[in-house]
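Residue numbers (our numbering), protein chains in the order written: chain U, 4 to 196; chain E, 4 to 196.
Backbone N, C-alpha and C define an ideal beta-carbon position, used for all residues, glycine too.
2 protein chains.
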Amino acid sequence: MIPTPPSHVALDLPPWLVENLERRSPVVHNDNEQQMAFVLEIAAENSRQGGGPFAAAVYGSGGELVSLGVNRVVPDSTPIAHAEIMAIAAAGQALGTWDVRSRGEFTLVSSTEPCAMCMGAVPWAGVRSLVIGARDEDARAVGFDEGNKPADWREHLAAVGITVTRDLLRDEAAKILLDYASSGAPIYNGSTA
Amino acid sequence: MIPTPPSHVALDLPPWLVENLERRSPVVHNDNEQQMAFVLEIAAENSRQGGGPFAAAVYGSGGELVSLGVNRVVPDSTPIAHAEIMAIAAAGQALGTWDVRSRGEFTLVSSTEPCAMCMGAVPWAGVRSLVIGARDEDARAVGFDEGNKPADWREHLAAVGITVTRDLLRDEAAKILLDYASSGAPIYNGSTA
Numbered sequence: 004m005i006p007t008p009p010s011h012v013a014l015d016l017p018p019w020l021v022e023n024l025e026r027r028s029p030v031v032h033n034d035n036e037q038q039m040a041f042v043l044e045i046a047a048e049n050s051r052q053g054g055g056p057f058a059a060a061v062y063g064s065g066g067e068l069v070s071l072g073v074n075r076v077v078p079d080s081t082p083i084a085h086a087e088i089m090a091i092a093a094a095g096q097a098l099g100t101w102d103v104r105s106r107g108e109f110t111l112v113s114s115t116e117p118c119a120m121c122m123g124a125v126p127w128a129g130v131r132s133l134v135i136g137a138r139d140e141d142a143r144a145v146g147f148d149e150g151n152k153p154a155d156w157r158e159h160l161a162a163v164g165i166t167v168t169r170d171l172l173r174d175e176a177a178k179i180l181l182d183y184a185s186s187g188a189p190i191y192n193g194s195t196a
Numbered sequence: 004m005i006p007t008p009p010s011h012v013a014l015d016l017p018p019w020l021v022e023n024l025e026r027r028s029p030v031v032h033n034d035n036e037q038q039m040a041f042v043l044e045i046a047a048e049n050s051r052q053g054g055g056p057f058a059a060a061v062y063g064s065g066g067e068l069v070s071l072g073v074n075r076v077v078p079d080s081t082p083i084a085h086a087e088i089m090a091i092a093a094a095g096q097a098l099g100t101w102d103v104r105s106r107g108e109f110t111l112v113s114s115t116e117p118c119a120m121c122m123g124a125v126p127w128a129g130v131r132s133l134v135i136g137a138r139d140e141d142a143r144a145v146g147f148d149e150g151n152k153p154a155d156w157r158e159h160l161a162a163v164g165i166t167v168t169r170d171l172l173r174d175e176a177a178k179i180l181l182d183y184a185s186s187g188a189p190i191y192n193g194s195t196a
């Protein structure tokens with residue numbers, strides 16, 4: 004028995020996060036450090052709630068939270084449900100355009116350096132800046148596979164008008180990855196899956 | 004007025020495609036060429052129906068169609084709604100696992116060589132093979148931005164156990180891109196958006 008292919012894929016925030024956002028909305032964080040602290044709080048809670056230890060957010064130039072994503076790969080059976088993919092998709096739908104760049108200067112804040120897929124998505128997102136907490140090597144150190152990224156990814160983003168800030172609250176961000184790995188939760192990746 | 008960030012993102016197949024699949028289901032194509040011919044038929048129809056000229060499908064080892072994706076970037080205001088991302092997400096949800104590799108040997112059939120984002124997603128998809136119609140340069144020739152892919156992407160996929168077949172029905176696949184561009188439909192990409 005071969006089922007009909009799915010006509011609908013849902014990338015949903017988990018209920019605890021929806022409640023959290025409804026309670027706190029509107030969320031405004033005026034600088035990148037406040038934004039990263041919020042994203043890290045969500046990443047840590049997501050890993051306690053059964054998701055992956057990753058979160059990402061799109062902020063507008065007034066510091067308003069436009070969209071948020073968390074890693075839902077394992078609980079939602081969705082290999083592409085990385086935090087950045089969810090945040091970028093939600094930003095487009097929130098703003099009502101694929102061309103986010105036409106609506107202002109947006110920033111993608113990511114708890115860990117995006118994997119190869121998510122890094123490839125950054126230019127499609129229409130953001131003008133990317134702010135990163137933990138480095139690629141912090142994720143690899145606990146066993147996550149970051150994929151095959153071009154060595155020149157920072158130069159390429161600069162060439163298409165996207166500025167990159169790294170290492171913002173890196174120690175705090177790396178600790179979330181380490182705590183997740185220490186808890187014995189699944190470390191999934193492409194090469195050993 | 005700052006709205007609450009979206010709690011739900013939908014990656015949906017368009018109604019014409021849902022009807023098409025319901026009419027034809029179950030879809031079984033026993034070899035890669037039949038699979039590619041089907042994917043190209045869907046890509047061409049998607050571009051006539053207001054989507055991008057791209058489609059992708061995940062097939063099981065018995066030739067059964069597990070999932071299908073089409074480019075919905077513009078009509079759905081979703082920068083990451085590329086055909087491969089939709090097909091990979093739907094395959095995981097159809098099979099009920101992020102770890103598609105544990106369920107058998109699956110193939111991702113893509114009408115055009117995946118962009119940098121989608122190429123990064125291929126190892127996360129859990130497929131054992133990737134079958135490609137048009138080349139990267141066919142997409143770039145009509146103005147699409149394929150992003151910043153690592154030069155060694157084929158070697159990297161081979162190293163993680165994924166075989167690659169290129170140029171299957173390439174002329175037919177490239178013609179779909181050319182017809183789309185000739186129609187004056189929007190050519191969207193990251194660097195000029």
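Below 9 Å between beta carbons is the criterion; list the residues of the segment 50 to 63 of chain U that meet it against any residue of chain E, in chain order. Those would be A60, V61, G63, in chain order.
Does the CB of L146 (chain U) have a neighbour CB from chain E at under 8 Å? Against the first sequence, residue 146 (chain U) aligns to sequence position 143. Going by the sequence as given, residue 146 (chain U) is Gly instead of Leu. By this cut-off, G146 (chain U) is not an interface position.
Neighbour-count burial assignment, T195 (chain U), 16 or more Cβ in a 10 Å radius: Translated into positions along the first sequence, residue 195 (chain U) becomes position 192. Residue placement at T195 (chain U) is flagged as unreliable, the pLDDT there being 40, under the threshold of 50; the coordinate-derived value follows with that caveat. Exposed, since its Cβ has fewer than 16 Cβ neighbours within 10 Å.
Which of the three DSSP states, helix, strand or coil, is assigned to S70 (chain U)? As a position in the first sequence, residue 70 (chain U) is number 67, starting the count at 1. S70 (chain U) falls in the strand class under three-state DSSP.
Using Cβ-Cβ distances below 8 Å, what residues of the segment 20 to 31 of chain E are close to chain U? From the segment 20 to 31 of chain E, only L20, V21, L24, E25, S28, P29, V30, V31 have a Cβ closer than 8 Å to chain U.
Which first and last residues belong to the alpha helix (DSSP H) in which A124 (chain E) is found? The sequence position of residue 124 (chain E) within the second sequence is 121, counting from 1. Where A124 (chain E) is concerned, the enclosing alpha helix (DSSP H) starts and stops at 119 to 128.
Distance between I91 (chain U) and D15 (chain U) (C-alpha atoms, nearest Å): Your numbering for residue 15 (chain U) matches position 12 in the first sequence. Your numbering for residue 91 (chain U) matches position 88 in the first sequence. Each residue's CA atom was taken as its position, placing D15 (chain U) and I91 (chain U) some 13 Å apart.
Quick check: the segment 86 to 103 of chain E against the segment 125 to 137 of chain U, are at least 3 beta-carbon pairs closer than 8 Å? Three or more beta-carbon pairs separated by less than 8 Å are not found between the segment 125 to 137 of chain U and the segment 86 to 103 of chain E, which leaves the two stretches without contact.
Residues bridged to V112 (chain E) [DSSP beta-bridge criterion]: In the second sequence, residue 112 (chain E) corresponds to position 109, counting from 1. Beta-bridge pairing links V112 (chain E) to E:A60, E:V134.
How about D141 (chain U): is its C-beta nearer than 8 Å to some C-beta of chain E? Reading the first sequence from its first residue, position 138 is the one you call residue 141 (chain U). Chain E contact via Cβ: absent.
Just confirm the distance between the C-beta atoms of L111 (chain E) and A128 (chain E), as a whole number of angstroms; I'd bet it's less than 8 Å. Sequence index remark: in the second sequence, residue 111 (chain E) carries index 108 (1-based). Sequence index remark: in the second sequence, residue 128 (chain E) carries index 125 (1-based). Taking C-beta atoms under 8 Å as the contact rule, L111 (chain E) and A128 (chain E) qualify, at a distance of about 6 Å.
Is it buried or exposed, N33 (chain U), if we count other Cβ atoms within 10 angstroms and call 16 or more buried? Indexing the first sequence from 1 puts residue 33 (chain U) at position 30. Residue burial is scored here from C-beta neighbours: N33 (chain U) has fewer than 16 other C-beta atoms within 10 angstroms and is therefore classed as exposed.
Whether or not the segment 44 to 63 of chain E and the segment 16 to 25 of chain E are in contact is what I'm after, with contact meaning three or more pairs of Cβ atoms, one per stretch, closer than 8 Å; do they touch? Here the segment 16 to 25 of chain E makes contact with the segment 44 to 63 of chain E; the two share three or more CB pairs at distances below 8 Å.
Quick check on G95 (chain E): buried or exposed, where buried means 16 or more other Cβ atoms within 10 Å of its Cβ? Taking the first residue of the second sequence as position 1, residue 95 (chain E) is located at position 92. The residue in question, G95 (chain E), is buried, as its Cβ has 16 or more Cβ neighbours within 10 Å.
Determine the direct distance from the alpha carbon of V77 (chain E) to that of Y191 (chain E), and round the result to whole angstroms. Numbered from its first residue, the second sequence carries residue 191 (chain E) at position 188. Numbered from its first residue, the second sequence carries residue 77 (chain E) at position 74. Their Cα atoms are separated by approximately 8 Å.
Cβ of A196 (chain E) within 8 Å of any chain U Cβ: Stepping through the second sequence from its first residue, residue 196 (chain E) is reached at position 193. Low local confidence applies: a pLDDT of 36 at A196 (chain E) is under 50, so the model's placement there is unreliable, with the coordinate-based value given in what follows. Residue contact with chain U for A196 (chain E): present (Cβ-Cβ distance below 8 Å to some residue of chain U).
Specify the secondary structure class of L14 (chain U) as computed by DSSP and reduced to three states. Here the question's residue 14 (chain U) lines up with position 11 in the first sequence. Three-state DSSP puts L14 (chain U) in a strand.
Given this structure, state the Cα-to-Cα distance separating M39 (chain U) from E87 (chain U), to the nearest angstrom. Counted from its first residue, the first sequence places residue 39 (chain U) at position 36. Counted from its first residue, the first sequence places residue 87 (chain U) at position 84. Cα to Cα, M39 (chain U) sits roughly 14 Å from E87 (chain U).
Should the segment 59 to 74 of chain U be regarded as contacting the segment 141 to 153 of chain U, the criterion being three or more beta carbon pairs within less than 8 Å? Touching, no, given that fewer than three Cβ pairs across the two stretches are closer than 8 Å.
Expected contact under 8 Å - CB spacing of E25 (chain E) and T7 (chain U) to nearest Å: The count along the second sequence starts at 1 and reaches residue 25 (chain E) at position 22. The count along the first sequence starts at 1 and reaches residue 7 (chain U) at position 4. Going by Cβ atoms, the distance from E25 (chain E) to T7 (chain U) rounds to 6 Å, so yes, they are a contact pair.
Note down, in chain order, every chain E residue with its Cβ under 7 Å from the Cβ of D34 (chain U). Sequence index remark: in the first sequence, residue 34 (chain U) carries index 31 (1-based). Scanning chain E for C-beta atoms nearer than 7 Å to the C-beta of D34 (chain U) yields nothing, as the closest lies near 17 Å away.
Paired residues, beta bridge with V31 (chain E) - DSSP: Here residue 31 (chain E) corresponds to residue number 28 of the second sequence, with the count starting at 1. In the DSSP output, where bridge partners are listed per residue, V31 (chain E) has E:E67.
For A13 (chain U), tell me which candidate among U:G55, U:V42, U:I83, U:S28 has the shortest Cα-Cα distance. By one-based count along the first sequence, residue 13 (chain U) stands at place 10. For the residues U:G55, U:V42, U:I83, U:S28, the minimum Cα distance to A13 (chain U) belongs to U:I83.
Between L181 (chain E) and the rest of its own chain, which residues show a CB-CB distance below 7 Å, the 5 nearest in sequence each way excluded? Residue numbering aside, residue 181 (chain E) sits at position 178 when the second sequence is read from its first letter. Residues V145 of the same chain have their beta carbon placed closer than 7 Å to that of L181 (chain E), with the five preceding and five following residues left out of the count.
Going by alpha carbons, who is nearest to M120 (chain U) out of U:R169, U:G107, U:D170, U:G150? Looking up residue 120 (chain U) in the first sequence gives position 117. Closest option to M120 (chain U), Cα to Cα, is U:G150.
Might you give, ordered along the chain, the residues of its own chain that have their beta carbon closer than 7 Å to the beta carbon of G107 (chain E), omitting 5 neighbours on each side? Position 104 of the second sequence, counted from the first residue, corresponds to residue 107 (chain E). Answer for G107 (chain E): G63, S64, listed in chain order.
When the Cα of V130 (chain U) is compared with those of U:Q37, U:P153, U:A59, which residue comes out closest? If you number the first sequence from 1, residue 130 (chain U) lands on position 127. Measuring from the Cα of V130 (chain U), the nearest candidate turns out to be U:A59.
Endpoints, alpha helix (DSSP H) assigned at G95 (chain U): Locating residue 95 (chain U) in the first sequence gives position 92, where the first residue counts as 1. Where G95 (chain U) is concerned, the enclosing alpha helix (DSSP H) stretches over 86 to 98.
Among U:V61, U:G54, U:G55, which one has its Cα closest to the Cα of W30 (chain U)? Numbered from its first residue, the first sequence carries residue 30 (chain U) at position 27. Note that residue 30 (chain U) is Val in the sequence shown here, rather than Trp. Minimum Cα distance to V30 (chain U) is reached at U:V61.
Is DSSP giving P189 (chain E) helix, strand or coil here? Translated into positions along the second sequence, residue 189 (chain E) becomes position 186. Note: P189 (chain E) maps to coil in three-state DSSP.
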